[in-house]
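Right, one structure below, let's go through it.
Protein chains: 2
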Amino acid sequence: MSEKKDILLPEPTLRRLPWYLAYVNMLQAQGVEYVSSTQISKEINVDSSQIAKDLSFLNIRGKTRIGYSVESLAEELSNFLGFQQEHSAVMIGVGSLGAALIRDSGLMQYGLRIVAGFDINKKIIGTEICGVRVYDISDLKEQQKVYKANIGILAVPVEHAQESADLLSEAGVRAIWNFTPFRIKVKDDVVIQNTSIYAHLAVMYNRINAKK
Amino acid sequence: MSEKKDILLPEPTLRRLPWYLAYVNMLQAQGVEYVSSTQISKEINVDSSQIAKDLSFLNIRGKTRIGYSVESLAEELSNFLGFQQEHSAVMIGVGSLGAALIRDSGLMQYGLRIVAGFDINKKIIGTEICGVRVYDISDLKEQQKVYKANIGILAVPVEHAQESADLLSEAGVRAIWNFTPFRIKVKDDVVIQNTSIYAHLAVMYNRINAKK
C-alpha cells in the first residue's frame, strides 16, 4: 500500500524519519540484522514510543523481542521518504551555491536529479557542469517543455528570489526548494521548502558566543 | 554595546533575523532609504509587533513615521548575526558535499572561512580545492594546532559521523556543523548545529505527493 506516502505527514515526523534511516543504514553497513525501537531510541535520543508511532506510518511491523529487520526497515524508510523515486529539478542560479549543488552527487542518492541550470550570466550560459547544461533564464519556459521538471531549486541572489520564484511557478513546477534567505510567495498549489543554510550559521554563531 | 550578541537568543528569533536582513539587503540594492516594521511585516509575512520585538535585541531604533534606516538596519543585522566576523572552520569529509561547500564562496560572505579539509581518501589527501588543502584525517589534532579552527563541519558518510564528531571534539572545536542526517552526541560544551539538507527533501516530496 504505497498510497500511504500520499498522506500529509506532520513535519516533525518527516524530519525524524531520516534520522532513523541514517541509523539503520549504519547498522546495515555493520552487518547488524535486527534492531528494536528501544535501541534506536537510545542512539537517536527520541522517546521509543514516539519512534513506534512514527514507524506506524510505514508498512512494517517489528517482531516481539527481536525488533525490526534492519534491511527491511532501511528499504521501507528510504522508499517511504521518496528517496527511491527519481524527482527532476531545474537549478535557478548557477553561481557558487547552485553549481555546488549540481556537483553534489549526494542529492541523486536521495532521489533528486538536477536536469538543467538557468542563469543570467552570459559567461556560464551554454556551459555544462557535470553534464548538466546551463541555459539563459529567459529560456526557462521553453526548456521546461522538454525537461518537465517537478521541482525548481532557487540559488539566486536575494534580490532575484521573488521574480525567479514567479518564473518557476509560471513554468509549472510543483515545488520550489528555496536556498535563499528571502521569504518568497507563490500561489497555494506550489510547495515551498525553505533551506537557508546561512541562517543556520547565525544560530550557531549565537550559541558559540553565548557559551563563552 | 556589542555584548548583546552574547545573549542566548531564542532560535525562532535567530531564524527570522536573516529574513529581515535578506529583505533590507534587497531594499538597499534598490536604493530605498527607510523601511517601517509594517512594511517588513507585509513582505515577510511576520506580525509587525513580532518584528519590533525581534529588532529590539539590536542597537537600532526606528524613527516615528519614517521607520528604520535601511543602511543602518542592514549593517546592524549583519553584524549582530555574526556575519561580519571571520569564523574559521575545518571540513571533515571532502567528498561531493564537502567539496561543494568548500567551493561555495557564499559561506565567506556570511563570516565562515573554511581553512582546511580532512579525509581518509588517499586520492584527495594532499590536493587543494579553491586553495584549501586536504589532509589525512589522522593529522587533524596536529593541524588544529596550526589552524585553530573554532568550527568543524561534518560532511562524512553516516557511518563515520560519530567518530568524526569525537575527533573534532578532542581537537578542541567549539561547534560542529553537522550536514549528516546522523544524530551525533558530543560533550555539552560543544555546540551542535544540524543542517540535513536531504531531510528537507523528504518533507518536500511528502508535500508534493499529498497535493496530487
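Going down the list, the sequences are from chains W and E. Whatever position you read off the first sequence (first residue = 1), add 279 for my numbering. Whatever position you read off the second sequence (first residue = 1), add 279 for my numbering. By construction, the Cβ of each residue, glycine as well, lies at the ideal position given by its N, Cα and C atoms. Computed from a predicted structure; not experimentally measured.
Query - Cutoff 9 Å: Q422(E) Cβ touching any chain W Cβ - result: Not one chain W Cβ lies under 9 Å of Q422(E).
Query raised in the report: Does DSSP classify K466(E) as helix, strand or coil?
Result: Judged by DSSP in its simplified three-state form, K466(E) adopts coil rather than helix or strand.
Requested in this report: Say whether the segment 455-468 of chain W touches the segment 395-408 of chain W, bearing in mind that this needs 3 or more beta-carbon pairs closer than 8 Å, one atom from each stretch.
Outcome: Below 8 Å, too few C-beta pairs join the segment 455-468 of chain W and the segment 395-408 of chain W to call them touching: fewer than three.
Query raised in the report: Taking the C-alpha atoms as reference points, what is the distance between R392(W) and L433(W)?
Result: Cα to Cα, the separation comes out at about 15 Å.
Requested in this report: Evaluate P297(E) with the Cβ neighbour count: other Cβ atoms within 10 Å of its Cβ, from every protein chain shown; 16 or more gives buried, anything less gives exposed.
Outcome: When all chains shown are included, P297(E) counts as buried.
Query - Min CB distance I323(W) to chain E below 9 Å - result: Against chain E, the CB of I323(W) has a partner CB under 9 Å away; the residue lies at that interface.
Query raised in the report: Going along the segment 325-348 of chain E in order, which residues come within less than 9 Å of chain W, judged by CB to CB distance?
Result: Going along the segment 325-348 of chain E in chain order, one finds V325 with a Cβ nearer than 9 Å to chain W.
Query raised in the report: If you follow the beta strand (DSSP E) that L334(E) is part of, which residue opens it and which one closes it?
Result: Taken as a continuous stretch (DSSP letters only), L334(E) belongs to no beta strand (DSSP E), being part of the alpha helix (DSSP H) at 327-334.
Query raised in the report: Apart from the five residues just before and just after S475(E), which ones in its own chain have a Cβ nearer than 6 Å to its Cβ?
Result: Shown here for S475(E): same chain residues with a beta carbon closer than 6 Å to its own, the five before and five after excluded, namely P460 in chain order.
Report task. Count the other C-beta atoms from every protein chain shown that fall within 10 angstroms of the C-beta of G361(E), then say buried if there are 16 or more, exposed otherwise. Result -> By the neighbour-count rule (16 or more Cβ atoms within 10 Å), G361(E) is buried.
**Report entry** Touch test, the segment 366-377 of chain E against the segment 427-443 of chain E, Cβ-Cβ under 8 Å, three pairs minimum
**Finding:** In this structure the segment 366-377 of chain E lies against the segment 427-443 of chain E, because at least three pairs of beta carbons, one per stretch, are closer than 8 Å.
Query raised in the report: If you drop the 5 nearest sequence neighbours on each side, which residues of the same chain put their C-beta closer than 6 Å to that of G346(W)?
Result: Annotation for G346(W): Y313, V314, S315 place their beta carbon closer than 6 Å to its own, counting only its chain and skipping 5 residues before and after.
Report task. Hey, could you find the ends of the alpha helix (DSSP H) Y389(W) is sitting in? Result -> It is not in any alpha helix (DSSP H) - Y389(W) carries neither H nor E in the DSSP assignment.
Query raised in the report: Is K472(E) helix, strand or coil by DSSP?
Result: According to the sequence shown, residue 472(E) is Gln rather than Lys. If DSSP states are grouped into helix, strand and coil, Q472(E) belongs with the strands.
Query raised in the report: Quick one: does A301(E) have its CB under 9 Å from some CB of chain W?
Result: A301(E) belongs to the set of residues whose beta carbon lies under 9 Å from a beta carbon in chain W.
Report task. Taking a Cβ distance cut-off of 8 Å, strictly less, list which residues of the segment 290-321 of chain E are near chain W, in chain order. Result -> Taking 8 Å as the Cβ-Cβ cut-off against chain W, the residues of the segment 290-321 of chain E that qualify are E290, L293, R294, L296, P297, W298, L300, A301, Y302, N304, M305, A308, Q309.
Query - Alpha-carbon to alpha-carbon, N429(W) and T343(E) - result: Looking at the two C-alpha atoms, the distance is approximately 46 Å.
Query raised in the report: Taking any Cβ of chain W, which residues in the segment 405-419 of chain E have a Cβ under 9 Å from it, in chain order?
Result: Listed by position along the chain: nothing, the set is empty.
Query raised in the report: Would you call the segment 436-456 of chain W and the segment 408-423 of chain W touching, i.e. three or more CB-CB distances under 8 Å?
Result: Yes: the two stretches touch, three or more of their Cβ pairs being nearer than 8 Å.
Query raised in the report: Which residues, in order along the segment 356-368 of chain W, keep a beta-carbon less than 7 Å from a beta-carbon of chain E?
Result: Listed by position, the residues of the segment 356-368 of chain W near chain E (Cβ gap below 7 Å) are L360, G361, H366.
Query raised in the report: By how many angstroms is the C-alpha of E355(E) removed from the C-alpha of K402(W)?
Result: Answer to the nearest angstrom: the Cα atoms are 35 Å apart.
Query raised in the report: So which residues on chain W does D383(E) lean against when the C-beta distance must stay under 8 Å?
Result: What D383(E) touches in chain W: S375, L376, A379.
Query - Residue-chain proximity (L288(W), chain B), Cβ-Cβ < 9 Å - result: Here chain B cannot be found, since the structure's protein chains are W and E.
Query raised in the report: If we cut at 9 Å on Cβ distances, does R453(W) have a partner in chain E?
Result: Taking CB atoms only, R453(W) has a neighbour in chain E less than 9 Å away.
**Report entry** Cβ neighbours of I319(W) in the same chain (closer than 7 Å, five flanking residues each side left out)
**Finding:** The residues are Y299, Y302, I330.
**Report entry** Rounded separation between Q472(W) and K424(W) - CA only
**Finding:** Looking at the backbone, the Cα of Q472(W) and that of K424(W) are separated by about 24 Å.
Query raised in the report: Under 9 Å between C-beta atoms, does I403(E) make it to chain W?
Result: Interface annotation, I403(E): not in contact with chain W, CB-CB separation never under 9 Å.
Query raised in the report: Is the Cβ of V465(E) closer than 9 Å to any Cβ of chain W?
Result: It does not: the Cβ of V465(E) has no partner Cβ on chain W nearer than 9 Å.
**Report entry** Short Cβ contact (9 Å threshold) for G390(E) with Y484(W)
**Finding:** A contact, by the Cβ cut-off of 9 Å.
Report task. Would you kindly check if the distance between the Cβ of A368(E) and the Cβ of N495(E) is under 9 Å? Result -> Because chain E here runs from 280 to 491, residue 495(E) falls outside it and cannot be looked at.
Report task. Please state whether DSSP places E322(E) in a helix, a strand or coil. Result -> Looking at E322(E) - three-state DSSP - the assignment turns out to be helix.
Report task. State the Cα-Cα distance for the pair E290(W) and L480(E), rounded to the nearest angstrom. Result -> Looking at the two C-alpha atoms, the distance is approximately 12 Å.
Requested in this report: Find out if the Cβ-Cβ distance for the pair L380(E), M387(E) is shorter than 9 Å.
Outcome: For L380(E) and M387(E), no; Cβs fall outside 9 Å.
Report task. Classify I286(W) as buried or exposed, calling it buried when 16 or more other Cβ atoms lie within 10 Å of its own Cβ. Result -> The residue is exposed, with fewer than 16 neighbouring Cβ atoms inside 10 Å.
**Report entry** Beta-carbon spacing of K464(E), A444(E) below 9 Å
**Finding:** Less than 9 Å separates the beta-carbon of K464(E) from that of A444(E).
Query raised in the report: Under 9 Å between C-beta atoms, does M370(W) make it to chain E?
Result: At a cut-off of 9 Å between C-beta atoms, M370(W) does not count as an interface residue with respect to chain E.
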